[in-house]
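Residue 112 is where the sequence shown ends in the working numbering, and the numbering goes up by one at each step. Here's the structure, in structure tokens; my notes come after.
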Amino acid sequence: MTTETDKQGHHFRVGALACAVVSDGSYVYHDPASLLFVNAPVAERDLALRAYGIEDETWHEYVSPYSALLIDTGKQTILVDTGAGGFAPTNGHLFENLRAEGVDRATGLVC
2 MTTETDKQGH
12 HFRVGALACA
22 VVSDGSYVYH
32 DPASLLFVNA
42 PVAERDLALR
52 AYGIEDETWH
62 EYVSPYSALL
72 IDTGKQTILV
82 DTGAGGFAPT
92 NGHLFENLRA
102 EGVDRATGLV
112 C
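Put into structure tokens, the structure is as follows:
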């Protein structure tokens, strides 16, 4: 899996709302089983992972996307963002990807 993210947003509608999922980037988490299931007993964790076809011995990384939701109500443009904010070189690209969507911070974006 790559850490590159698509600059093109995923567009969809919910009733009258026009929505887009806009990428802020991604981050690679190494040794994800022990990181994501820190309190789980190892034997139980590994059994649960195997039920979904995941082997702890071969699961070396998890690439997590960081995305924001852009909502156009027709009157306002609203950004719902989780705030990754560039803690790694592979994320912090939200504003450049918003510009690719035709949205500039100075255009009256409601956050």
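Cβ atoms here follow ideal geometry from the backbone N, Cα and C, with glycine treated the same way.
Beta-bridge pairing of residue i - partner residues as DSSP gives them
i, result
"P66", "S27"
"D73", "A19, T78"
"H61", "Note: H61 sits in no beta bridge, so no partner."
"R106", "Paired residue(s): none; R106 is not in a bridge."
Of the residues the options, the one placed nearest residue i, counting alpha carbons only
i, options, result
"Y63", "D25, L36, A69", "L36"
"A89", "Y30, G16, H61, V15", "Y30"
"G26", "K76, L71, S65", "S65"
Spatial neighbours of residue i in its chain, beta-carbon cut-off 8 Å, leaving aside the 5 residues before and after
i, result
"W60", "P33, A34, L50"
"A41", "A49"
Buried versus exposed, by CB contacts within 10 Å (16 or more), residue i
i, result
"G10", "buried"
Proximal residues to residue i (C-beta, below 6 Å), its chain only, five neighbours per side dropped
i, result
"D82", "A69"
Own chain partners of residue i with C-beta closer than 7 Å, once the 5 adjacent residues on each side are dropped
i, result
"Q77", "V111"
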